[in-house]
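Below: one structure, written as structure tokens.
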Amino acid sequence: MKVEQRNGKVYVSLEAELLFPSGSAIVDEKGRELLAQLGMVIAEQQDLEIIIEGHTDSDKLVSPNFPHNNWELSVLRATSVLEIIRDVPGVNPSILTASGRGEFHPVDESDKSRNRRIEVILAPKLDALFDLLED
12 MKVEQRNGKV YVSLEAELLF PSGSAIVDEK GRELLAQLGM VIAEQQDLEI IIEGHTDSDK
72 LVSPNFPHNN WELSVLRATS VLEIIRDVPG VNPSILTASG RGEFHPVDES DKSRNRRIEV
132 ILAPKLDALF DLLED
């Protein structure tokens, strides 16, 4: 797990291997435990927007079945993570968003394993700022 701050947001980057079997969107037991811990932290932060992004490498999926491509896999993985975090007591589901970025936002062209990841982005809610600007 890697945590960094960029552009006023906090990024928690989780390697896919920590959460999923290869090519799967089903979170394994160890990954569920990790996400439950992250969910407990999120439950204490009600004034944030939480974006959960799935990312893949550029390798084509070998299974002819579901999911059909990396973009679909990234969305399914982000949704699986969202559902686990959402189910942690105290987490407000209205602050959660899941999205998939496929292979289109790599962090390292030479190390595909680093590109297979989930990023949980904690961003401040800007509702108060928009209300102020409208007045």
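Under the numbering used here, think of the first position of the sequence shown as 12, with each following residue one higher. We treat Cβ as the ideally placed atom computed from N, Cα and C, and that holds for glycine. Just so we're clear, the structure is a prediction, and the values are computed from it rather than from any experiment.
| task | Less than 8 Å between the CB atoms is what I'm expecting for S28 and S91, so what's the real figure, rounded? | result | Reading the sequence shown from its first residue, position 17 is the one you call residue 28. Reading the sequence shown from its first residue, position 80 is the one you call residue 91. Sequence check: residue 28 is Glu here, not Ser. Contact flag wrong, Cβ pair sits at about 15 Å.
| query | What residue range is occupied by the uninterrupted alpha helix (DSSP H) comprising Q16? | reply | Reading the sequence shown from its first residue, position 5 is the one you call residue 16. DSSP places Q16 outside any alpha helix (DSSP H); the residue lies instead in the beta strand (DSSP E), whose first and last residues are K13 to R17.
| said: Measuring straight from C-alpha to C-alpha, what distance separates I132 and V52? | reply: As a first step, residue 132 is located in the sequence shown; it is residue number 121 there, counting from the start. As a first step, residue 52 is located in the sequence shown; it is residue number 41 there, counting from the start. Cα-Cα distance, rounded: 13 Å.
| message | Pop quiz: L84 and T67 are said to be a contact at Cβ under 8 Å. What is the actual Cβ separation, rounded to whole angstroms? | response | Along the sequence shown, read from residue 1 onward, the residue named residue 84 stands at position 73. Along the sequence shown, read from residue 1 onward, the residue named residue 67 stands at position 56. Between L84 and T67, the beta carbon gap of about 6 Å places them in contact (Cβ cut-off 8 Å).
| request: For T108, write down the residues that DSSP places opposite it in a beta bridge. | output: What you label residue 108 is simply residue 97 of the sequence shown in a count that begins at 1. Partner(s): I62.
| said: Among the candidates S33, G101 and A89, whose CA atom is the shortest distance from the CA of I62? | reply: Within the sequence shown, numbered from 1, the residue matching residue 62 stands at position 51. Nearest option by C-alpha distance: A89.
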